[in-house]
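Peer 1: Chains as they are written, first to last, in the working numbering: chain A, 584 to 671; chain B, 397 to 628. All C-beta atoms, glycine included, are put in the ideal place defined by N, C-alpha and C. Below you will find the structure I want to go over with you.
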């Protein structure tokens with residue numbers, strides 16, 4: 584899975600946000616705020632990655648059990664998918 | 397004809413007499429245009445498809461001109477269009493923004509009643525904000541809303557307020573991202589990546605300098621009192 588065309592990540596103040604440009608801006612007018620783990624996931628999604636690789640990156644980086652990591656990852660991916668930010 | 401809007405000399409050659417009349421307070425006969433905008437029939441057709449309601453023909457031209465000016469302002473003049481009602485009070489600008497229909501004009505009318513001659517309306521709908529010499533200024537424009545109350549002037553921005561209708565009057569300062577989320581909807585969002593980054597750079601600087609408040613308010617002098625005490 585990877586980030587759809589037209590979505591860019593950029594710093595804003597001390598936070599990171601995702602906004603739409605080009606054709607993606609026709610349908611997506613808002614912005615999404617990412618926290619630090621979200622930014623890490625996003626950067627992997629920009630290059631293209633798999634569910635398992637994302638999950639492994641979370642358990643490797645943070646002191647969480649796999650079930651918690653899965654729950655967080657699923658929530659993140661659902662939000663991103665619902666907003667059309669990523670595709671399989 | 398050259399028009400001076402937000403301290404930039406702009407060449408505009410309107411198709412409709414109505415449009416010329418609409419922008420005539422901003423004529424600058426002897427100036428050289430820094431850039432020129434022209435509206436084609438394709439532009440007018442495009443405005444028709446973008447407009448939520450059917451308007452008289454000249455209004456599509458007026459909107460098309462504003463759109464072109466704003467893109468140029470953003471690209472080359474550190475400027476952005478901002479949907480709000482704003483006034484100068486004691487030499488500084490107070491800005492009230494919200495989605496259409498919330499009551500921006502109604503709220504600023506209450507401030508006029510309260511402050512009288514200390515207050516000058518800058519614009520009631522679509523002013524332009526520019527970043528000049530490390531400060532933000534808001535400028536009156538011909539695009540001044542249905543009540544046409546505006547002044548061809550500029551004023552340094554003091555504070556921004558996002559209005560919401562409420563049963564009580566309350567105000568709080570917003571965090572940067574919350575403020576951005578509200579504010580970005582009230583400007584013209586560009587499509588090109590470089591322009592989008594320019595806009596976000598400008599807004600980032602603006603929100604680091606200028607406090608943004610959320611005001612829940614009734615239609616009352618108490619609302620003005622609550623807002624003024626926090627924003628002044």
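Using beta-carbon positions only, say whether residue 602 of chain B and residue 602 of chain A come within less than 8 Å of one another.
Peer 2: No, these two residues do not count as a Cβ contact at 8 Å.
Peer 1: Taking 8 Å as the CB-CB limit, is residue 593 of chain B close to chain A?
Peer 2: By this cut-off, residue 593 of chain B is an interface position.
Peer 1: Taking the CB atoms as reference points, tell me whether residue 480 of chain B and residue 491 of chain B lie closer together than 8 Å.
Peer 2: Cβ distance < 8 Å, so residue 480 of chain B and residue 491 of chain B count as in contact.
Peer 1: Using a Cβ-Cβ cut-off of less than 7 Å, give me the residues of the segment 561–579 of chain B that come near chain A, in sequence order.
Peer 2: Here the close residues are 572, 573, 576 and 577.
Peer 1: So, do the segment 400–417 of chain B and the segment 641–661 of chain A have three or more beta carbon pairs nearer to each other than 8 Å?
Peer 2: No, they do not touch.
Peer 1: Return the residue from the list B:487, B:477 and B:528 that minimises the CA-CA distance to residue 520 of chain B.
Peer 2: Out of B:487, B:477 and B:528, B:477 has the C-alpha closest to the C-alpha of residue 520 of chain B.
Peer 1: Mapping DSSP to helix, strand and coil, what is residue 582 of chain B?
Peer 2: Residue state, collapsed to three classes: coil.
Peer 1: What does residue 616 of chain A touch in chain B if you count any residue whose Cβ is under 7 Å from its own?
Peer 2: By Cβ distance, chain B contributes 573.
Peer 1: So what does DSSP say about residue 555 of chain B, is it helix, strand or coil?
Peer 2: It is a strand residue.
Peer 1: The alpha helix (DSSP H) with residue 617 of chain B in it runs from where to where?
Peer 2: Its alpha helix (DSSP H) spans residues 617–627.
Peer 1: Taking the straight line between their C-alpha atoms, what separation do you get for residue 659 of chain A and residue 587 of chain A?
Peer 2: Distance between the alpha carbons of residue 659 of chain A and residue 587 of chain A: 15 Å.
Peer 1: With a threshold of 8 Å between beta-carbons, can residue 603 of chain B be considered close to chain A, or not?
Peer 2: With 8 Å as the cut-off, residue 603 of chain B counts as an interface residue toward chain A.
Peer 1: Per the contact definition of three or more C-beta pairs closer than 8 Å, is the segment 546–553 of chain B in contact with the segment 488–502 of chain B?
Peer 2: Yes, they touch.
Peer 1: Would you give the residue range spanned by the alpha helix (DSSP H) that residue 366 of chain B belongs to?
Peer 2: For residue 366 of chain B there is no data in the structure shown, the boundaries of chain B being 397 and 628.
Peer 1: Is there contact here, the segment 556–563 of chain B with the segment 432–440 of chain B, by at least three beta-carbon pairs under 8 Å?
Peer 2: No, because fewer than three Cβ pairs between the segment 556–563 of chain B and the segment 432–440 of chain B fall closer than 8 Å, the two stretches do not touch.
Peer 1: With a threshold of 8 Å between beta-carbons, can residue 593 of chain A be considered close to chain B, or not?
Peer 2: By this cut-off, residue 593 of chain A is an interface position.
Peer 1: If you draw a straight line from the C-alpha of residue 630 of chain A to the C-alpha of residue 613 of chain A, how long is it?
Peer 2: Spanning the two alpha carbons is a distance of roughly 23 Å.
Peer 1: Using CA coordinates, which residue listed in B:597, B:484, B:419 and B:609 is at the minimum distance from residue 626 of chain B?
Peer 2: Among B:597, B:484, B:419 and B:609, the Cα nearest to that of residue 626 of chain B belongs to B:609.
Peer 1: What in chain A is Cβ-close to residue 588 of chain B, meaning under 8 Å?
Peer 2: Near residue 588 of chain B (Cβ distances below 8 Å), the residues of chain A are 604 and 605.
Peer 1: Residues in its own chain within less than 8 Å of residue 442 of chain B by CB, not counting five upstream and five downstream?
Peer 2: Taken in chain order, the residues that qualify are 460.
Peer 1: Residue 626 of chain A versus chain B: which residues are under 7 Å apart at the beta carbon?
Peer 2: Result: empty, since nearest Cβ-Cβ is about 18 Å, beyond 7 Å.
Peer 1: Give a yes or no on whether the minimum CB-CB distance between residue 581 of chain B and chain A is below 8 Å.
Peer 2: Output row for residue 581 of chain B: interface = yes.
Peer 1: Measure the C-alpha to C-alpha separation of residue 619 of chain A and residue 625 of chain A and round it to an integer number of angstroms.
Peer 2: Rounded to the nearest angstrom, the two C-alpha atoms are 10 Å apart.
Peer 1: Kindly say whether residue 476 of chain B, judged by its beta-carbon, lies nearer than 8 Å to any beta-carbon of chain A.
Peer 2: Taking Cβ atoms only, chain A never reaches closer than 8 Å to residue 476 of chain B, which makes this a no.
Peer 1: Please confirm whether residue 447 of chain B has its beta-carbon closer than 8 Å to some beta-carbon of chain A.
Peer 2: Residue 447 of chain B does not count as touching chain A.
Peer 1: Is the Cβ-Cβ distance between residue 604 of chain A and residue 594 of chain B less than 8 Å?
Peer 2: It is not a contact, given that the beta carbons lie outside the stated cut-off.
Peer 1: Report the residue from B:537, B:453, B:555 and B:433 whose alpha carbon sits nearest the alpha carbon of residue 493 of chain B.
Peer 2: Among B:537, B:453, B:555 and B:433, the Cα nearest to that of residue 493 of chain B belongs to B:555.
Peer 1: So is residue 636 of chain A buried or exposed if we call it buried at 16+ other beta carbons inside 10 Å?
Peer 2: So residue 636 of chain A counts as exposed.
Peer 1: If you count every other CB in all the chains shown that lies within 10 Å of the CB of residue 582 of chain B, and 16 or more means buried, which is it?
Peer 2: It is buried - the Cβ of residue 582 of chain B has at least 16 other Cβ atoms within 10 Å.
Peer 1: Could you tell me the boundaries of the alpha helix (DSSP H) in which residue 564 of chain B lies?
Peer 2: Per DSSP, residue 564 of chain B belongs to no alpha helix (DSSP H) and is neither H nor E.
Peer 1: At 8 Å on the CB atoms, spell out the chain A contacts of residue 496 of chain B, in chain order.
Peer 2: Result: empty, since nearest Cβ-Cβ is about 15 Å, beyond 8 Å.
Peer 1: Please determine, among B:528, B:495, B:401 and B:600, the residue with the shortest C-alpha to C-alpha distance to residue 597 of chain A.
Peer 2: Closest option to residue 597 of chain A, Cα to Cα, is B:600.
Peer 1: Residue 600 of chain B versus chain A: which residues are under 9 Å apart at the beta carbon?
Peer 2: The contacting residues are 594, 595 and 596.
Peer 1: Going by the beta-carbon positions, is the gap between residue 585 of chain A and residue 628 of chain A smaller than 8 Å?
Peer 2: The answer is yes: Cβ separation under 8 Å.
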